[in-house]
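*Asks:* Got a structure for you, written out below as structure tokens; questions coming shortly.
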Amino acid sequence: MLAIDARDVAKTFRAGWIGRRETAALRGVSLAVPEGVIFGLLGPNGAGKTTLLSIFATLLIPDRGSVTILGHDVVREAGLLRRRLNMASGNASFLWSLRAGEILAFYGRLYGLAGRALAQRVDALLELCELHPYRRMLYNELSTGLKQRLALAKSLVNEPELLFLDEPTLGLDPDVSARIRGHIARLQRERRMTIVLTTHYMREAEELCDEIAFIKSGRILARGTAAELKRQIRIGDVIALRLDPPEVAALAEAPGVLRCVQENGRIECTVDVAEKRLPELLRLLHGEGAVVRDVQVLEPDLEEVFVELAR
């Protein structure tokens, strides 16, 4: 069964005097997401990612098209769906004067929890997101990372079957981001929850997502696993070299070399075909008197695919 079945979804925002200025956020998006996966939506700012998530989460109504979530229509059956899904944003904000535990209890009451059941749910969420030591801290006293973990905990208060995460690690330090990613992966693994997330971090998408869709200007441009996307969007092979002395200029001008970047003592050359260009580059370097200390042929990373699609 599909968790999400979206067909020809369009959404336009209107602003200005009597809505004279229009911005098309979504232009005929069709997307099917199976149950039990982590699905990533990637794209540049303004691509339509948050708008699409908001429609899926019943927070916006599409202008055109149909969306079925967990077998229910997002417009006609929104009330029923809201008990089965939830959403967390990297820009989430709660009342500053409430304590972490009180915030979770507040949202638990909105879903009809009370008494012992509410207390047990709050304790379980604090434990899951490693927030027990901070349960009595005021919201405005929490670090950015703790606020993100609290937003994730809040989104689980109704034990959703489908979870939407909009930039869940936005602005976090690498170690805190890794911890959040660990929580997300564990949710999917242990609860078989379907998770749809947006992110700007390619490593995050590659690490977490079973499948990824690229969206730009309100349209889906490509979809697949990270490995499939790298094959579909042919951007060349990467040859990484450690040289003594470095010869970036000579390499950059060689036939078949698309670009060269030097960092951390290594030169990475993106070439059209590694099998053909590697022997040529080695001969060139030998003629220049450079000593090759190390050479590797690398697979292009997802960030290069993103850059290519975002152009």
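Going by my numbering, the first residue of the sequence shown is number 1401, and it counts up by one from there.
Heads up, the beta-carbon is just placed ideally off N, CA and C, and yes, glycines get one too.
Taking only three categories from DSSP, how would you classify Ile1612?
*Replies:* Strand.
*Asks:* Would you mind listing the beta strand (DSSP E) stretches within the segment 1602–1681 that are 3+ residues and don't spill past its ends, in chain order?
*Replies:* Here the runs fully enclosed are 1611–1616, 1619–1624, 1637–1644, 1657–1663 and 1666–1671.
*Asks:* Can you list, in chain order, the stretches of the alpha helix (DSSP H) that have 4 or more residues and sit fully within the segment 1469–1554?
*Replies:* Runs of the alpha helix (DSSP H) inside the segment 1469–1554: 1478–1481, 1500–1510, 1515–1528 and 1544–1554.
*Asks:* At which residues does the alpha helix (DSSP H) containing Ala1578 begin and terminate?
*Replies:* Run containing Ala1578: Pro1574 to Arg1591, per the alpha helix (DSSP H) assignment.
*Asks:* Return helix, strand or coil for Arg1420, following the three-state DSSP convention.
*Replies:* Here Arg1420 sits in coil by DSSP.
*Asks:* Give the secondary structure of Val1705 by DSSP, where H, G and I count as helix, E and B as strand, and everything else as coil.
*Replies:* Here Val1705 sits in helix by DSSP.
*Asks:* Tell me whether Pro1434 is buried or exposed, calling it buried when 16 or more other Cβ atoms sit within 10 Å of its Cβ.
*Replies:* Under this definition Pro1434 is an exposed residue.
*Asks:* Taking the alpha-carbon positions, what's the Ala1505 to Pro1700 distance?
*Replies:* Rounded to whole angstroms, Ala1505 to Pro1700 spans 46 Å at the Cα level.
*Asks:* Taking the alpha carbon of Ala1403 as the reference point, which residue from Leu1562, Ala1622 and Asp1573 has its own alpha carbon closest?
*Replies:* Answer by Cα proximity: Leu1562.
*Asks:* Write down the C-beta distance between Asp1566 and Ser1493 rounded to the nearest angstrom, noting that I regard them as a contact closer than 8 Å.
*Replies:* Incorrect: roughly 13 Å between the Cβ atoms, too far for contact.
*Asks:* Leaving out five residues before and five after Cys1669 in sequence, what residues of the same chain have Cβ atoms less than 6 Å from its Cβ?
*Replies:* Closer than 6 Å at the Cβ level, and outside the excluded window around Cys1669, lie Ile1639, Leu1651, Val1657 and Cys1660.
*Asks:* Determine the extent of the alpha helix (DSSP H) in which Thr1598 is found, giving its start and end residues.
*Replies:* Per DSSP, Thr1598 belongs to no alpha helix (DSSP H); it is in the beta strand (DSSP E), Thr1594 to Thr1598.
*Asks:* Would you call the segment 1598–1615 and the segment 1426–1445 touching, i.e. three or more CB-CB distances under 8 Å?
*Replies:* A contact exists between the segment 1598–1615 and the segment 1426–1445.
*Asks:* If the criterion is Cβ atoms closer than 7 Å, does the pair Ser1430 and Asp1408 meet it?
*Replies:* Yes.
*Asks:* As a quick exercise: from Ile1667, Met1593, Arg1666 and Gly1443, pick the residue whose alpha carbon is nearest that of Arg1484.
*Replies:* Of the candidates Ile1667, Met1593, Arg1666 and Gly1443, the one whose C-alpha sits nearest the C-alpha of Arg1484 is Met1593.
*Asks:* What are the partner residues of Leu1698, as DSSP defines its beta bridges?
*Replies:* BP columns for Leu1698 point to Val1638.
*Asks:* In this structure, does DSSP put Thr1412 in helix, strand or coil?
*Replies:* Strand, per DSSP.
*Asks:* Leaving out five residues before and five after Ser1577 in sequence, what residues of the same chain have Cβ atoms less than 8 Å from its Cβ?
*Replies:* Hits under 8 Å: Thr1569, Tyr1601 and Glu1604.
*Asks:* If distances are taken between C-alpha atoms only, which option among Thr1451, Gly1465 and Glu1704 comes closest to Leu1459?
*Replies:* It is Thr1451 whose Cα lies nearest to the Cα of Leu1459.
*Asks:* Distance cutoff 7 Å, beta carbons only. Does Gly1687 sit that close to anything in chain C?
*Replies:* Considering every chain present, this structure includes no chain C. It has just one protein chain.
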